[in-house]
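Using the working numbering, the final residue of the sequence shown is 303, and nothing's skipped along the way.
Here's the structure, in structure tokens; my notes come after.
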Amino acid sequence: MLTMGQVVEHEPMGNEDQKLRRLVLKGPIAQSARPGQFVAIQVQDSARASLDPLLRRPISIAEISPERDEIALLYRIKGRGTEILAQARCGDKLSVMGPLGNGFSLPKEGELWLIAGGIGIFPLYALAQSALVQELKVRLFWGGENQSFLESAGLLRWQNMELPMYLSTVDGSLGVKGLVIEQVREELLMLFDRSQLEDDMRKKKINVAACGPKRMMKAVTELCGGFQVPVEVSLEERMGCAVGACLGCVCTLLNKAGRPIHKKVCVDGPVFRGEEVVWDETC
Ligand SMILES: Cc1cc2nc3c(=O)[nH]c(=O)nc-3n(C[C@H](O)[C@H](O)[C@H](O)COP(=O)(O)OP(=O)(O)OC[C@H]3O[C@@H](n4cnc5c(N)ncnc54)[C@H](O)[C@@H]3O)c2cc1C
Ligand code: FES
Numbered sequence: 021m022l023t024m025g026q027v028v029e030h031e032p033m034g035n036e037d038q039k040l041r042r043l044v045l046k047g048p049i050a051q052s053a054r055p056g057q058f059v060a061i062q063v064q065d066s067a068r069a070s071l072d073p074l075l076r077r078p079i080s081i082a083e084i085s086p087e088r089d090e091i092a093l094l095y096r097i098k099g100r101g102t103e104i105l106a107q108a109r110c111g112d113k114l115s116v117m118g119p120l121g122n123g124f125s126l127p128k129e130g131e132l133w134l135i136a137g138g139i140g141i142f143p144l145y146a147l148a149q150s151a152l153v154q155e156l157k158v159r160l161f162w163g164g165e166n167q168s169f170l171e172s173a174g175l176l177r178w179q180n181m182e183l184p185m186y187l188s189t190v191d192g193s194l195g196v197k198g199l200v201i202e203q204v205r206e207e208l209l210m211l212f213d214r215s216q217l218e219d220d221m222r223k224k225k226i227n228v229a230a231c232g233p234k235r236m237m238k239a240v241t242e243l244c245g246g247f248q249v250p251v252e253v254s255l256e257e258r259m260g261c262a263v264g265a266c267l268g269c270v271c272t273l274l275n276k277a278g279r280p281i282h283k284k285v286c287v288d289g290p291v292f293r294g295e296e297v298v299w300d301e302t303c
């Protein structure tokens, strides 16, 4: 759906060095958006009435408030497109396509483990909220560069959800020093007795949703696969059209027979089962 979203809030998040922004848009997308879906937002410089940059920028839908007709996008200023987007002011109307893609699936029961690397945390907030409404148990594993990053990227809001949280930072300034995967491994080893894996799986019913750097999602998929824990990952590819027409975002997956097939991240994804992704071709 192509629509106009009116900017109702647009503010820096935390420490300015992190270049993070929270943009709230009012419009009909909130009525049908699901966690894990994204929008493709036009970032042209209206002051210069130019068509440059031509391509819309994909940003995940981080918060969904149907009752207020609002969605929030959390983003990092990275290059020209997001620099222009950062100039949008309250009251501006932005051209937005969405909601796009398929989103995460919500298990009917059991526990949902959210595993995030860096700004991969952004699409997981809406998922956590939906899971809690459905009375699922939720745990968050989140790794980032340092304390400043985690705090800027919304740590307090997550703490307010009162979930079990496992934090890690590369420099050890908050949580455990190291990579997020290590804490996931420890928890899995504590929960599952490999000698009675089938039985444990039936009882514990854990599902994982992961978003972050591809190497992290690959490691999560491999680790959880060893415990027969299903994983969904959200892939990020550079996008052209965002609606399945340009083939700019094609990735390689395995079909049910184990044969490689090509899929478009924009319409077939961005969320896929981790085990179907051919990581060596996507990393
Ligand atoms: C489905 C999806 C959801 C996304 N959700 C978010 C989000 O919630 N928050 C957020 O901050 N970002 C998100 N991104 C990434 C975001 O789209 C890019 O950061 C943005 O398009 C960069 O545009 P730019 O013009 O500022 O930078 P550009 O000038 O286009 O690029 C700056 C640098 O970033 C690299 N780059 C740009 N886009 C990507 C990409 N998709 N993957 C890898 N490298 C890239 C370029 O190669 C270049 O080195 C998402 C991407 C996808 C595909
Ligand atoms: S971005 Fe054009 S097909 Fe996916």
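By construction, the Cβ of each residue, glycine as well, lies at the ideal position given by its N, Cα and C atoms.
- In terms of side-chain proximity, the C-beta atom of lysine 283 is found no nearer than 7 Å to any non-hydrogen atom of ligand 2.
- Our two residues, phenylalanine 142 and isoleucine 281, have alpha carbons roughly 29 Å apart in a direct line.
- Secondary-structure assignment with DSSP links arginine 235 through no beta bridge to anything.
- Segment contact: the region 147 to 162 against the region 247 to 258, fewer than three CB-CB distances shorter than 8 Å; contact not assigned.
- Per DSSP, alanine 92 is one residue of the beta strand (DSSP E) stretching across 90 to 96.
- Collapsing the DSSP output to three states places alanine 173 in coil.
- The C-beta of arginine 279 has fewer than 16 other C-beta atoms within 10 Å across all chains shown, which makes the residue exposed.
- Rounded to the nearest whole angstrom, the CA to CA distance from tryptophan 299 to valine 240 is 12 Å.
- For the 8 Å CB-CB criterion, valine 27 and leucine 43 form a contact.
- Counting only runs of 4 or more residues that sit fully inside the region 42 to 126, the alpha helix (DSSP H) segments are 49 to 52, 100 to 105, in chain order.
- Phenylalanine 58 has its alpha-carbon roughly 6 Å from the corresponding atom of proline 78.
- Non-local C-beta neighbours of lysine 46 in its own chain, meaning closer than 6 Å and more than five positions away in sequence, comprise Gln26, Val28, Asp89, Glu90, ordered along the chain.
- Going by C-alpha positions, aspartate 37 is about 20 Å away from glycine 232.
- Sequence-distant Cβ neighbours of serine 52 in its own chain, meaning closer than 7 Å and more than five residues away, are Pro119.
- In this structure, DSSP gives valine 297 an extended state, which the three-state scheme calls strand.
- For methionine 210, no beta strand (DSSP E) run applies; the uninterrupted alpha helix (DSSP H) run containing it begins and ends at 200 to 211, by DSSP.
- In the same chain as alanine 50, and ignoring 5 residues on each side of it, the C-beta atoms closer than 8 Å to its own belong to Ile84, Ser85, Pro86, Arg88, Asp89, Glu90, Ile91, in chain order.
- Residue pairing for isoleucine 226: DSSP places it in a beta bridge opposite Glu131.
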